[in-house]
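Visitor:
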Amino acid sequence: VLLGNVNHIKKGFEYDPLKSWLNEGLLISSGEKWRQRRKLLTPAFHFRILEDNLQSLNKHARYLLRNIMNQNSKPFAADQLVTLCTLDIICETAMGISLNSQDNQALDYVDAVR
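Quick note: the sequence shown uses our numbering, first residue 11, plus one each step.
#1: What would DSSP say about residue 45, mapped onto helix, strand or coil?
#2: As a quick exercise: from 98, 121, 34 and 104, pick the residue whose alpha carbon is nearest that of residue 110.
#3: Where does residue 107 sit, in a helix, a strand or coil, going by DSSP?
#4: Can you find the residues in the same chain that come closer than 8 Å, C-beta to C-beta, to residue 68, ignoring five residues on each side of it along the sequence?
#5: Specify whether the stretch 43-60 and the stretch 74-85 touch according to this definition: at least 3 beta carbon pairs, one from each stretch, less than 8 Å apart.
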């Protein structure tokens, strides 16, 4: 009953700090907006599709981890590194393009999508 009614699907206050970074995306939205977005995205996360893209996901995640480790305990903008990793994954898995934005390539494209 609770999950059947979108009026009862509300995010807690813990999500508030993420709103400036993630806007009103699937992770942050509530109610009808959340339901519509989840319905659109659910097929993209079918096990078979995820399995087909696992090699690409692992490759970019390993590159992200190397970038984080190379920071040598000094402060850095984690959100920027994660954003570049996400962009690389989306471009490679959805469009077949190796953007390599984590390697400071395709900076014009990265700036255009920000």
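All C-beta atoms in this analysis are idealised placements derived from N, C-alpha and C, irrespective of residue type, glycine included.
Guide: The short version:
#1: Start at 1 with the first residue of the sequence shown, and residue 45 comes out as number 35. The answer is helix: DSSP assigns residue 45 an H, G or I state.
#2: Numbered from its first residue, the sequence shown carries residue 110 at position 100. Among 98, 121, 34 and 104, the Cα nearest to that of residue 110 is on 98.
#3: Within the sequence shown, the letter at position 97 stands for residue 107. DSSP, read as helix, strand or coil, puts residue 107 in coil.
#4: By one-based count along the sequence shown, residue 68 stands at place 58. Correct list: empty, nothing qualifies.
#5: They do not touch, by the three-pair rule.
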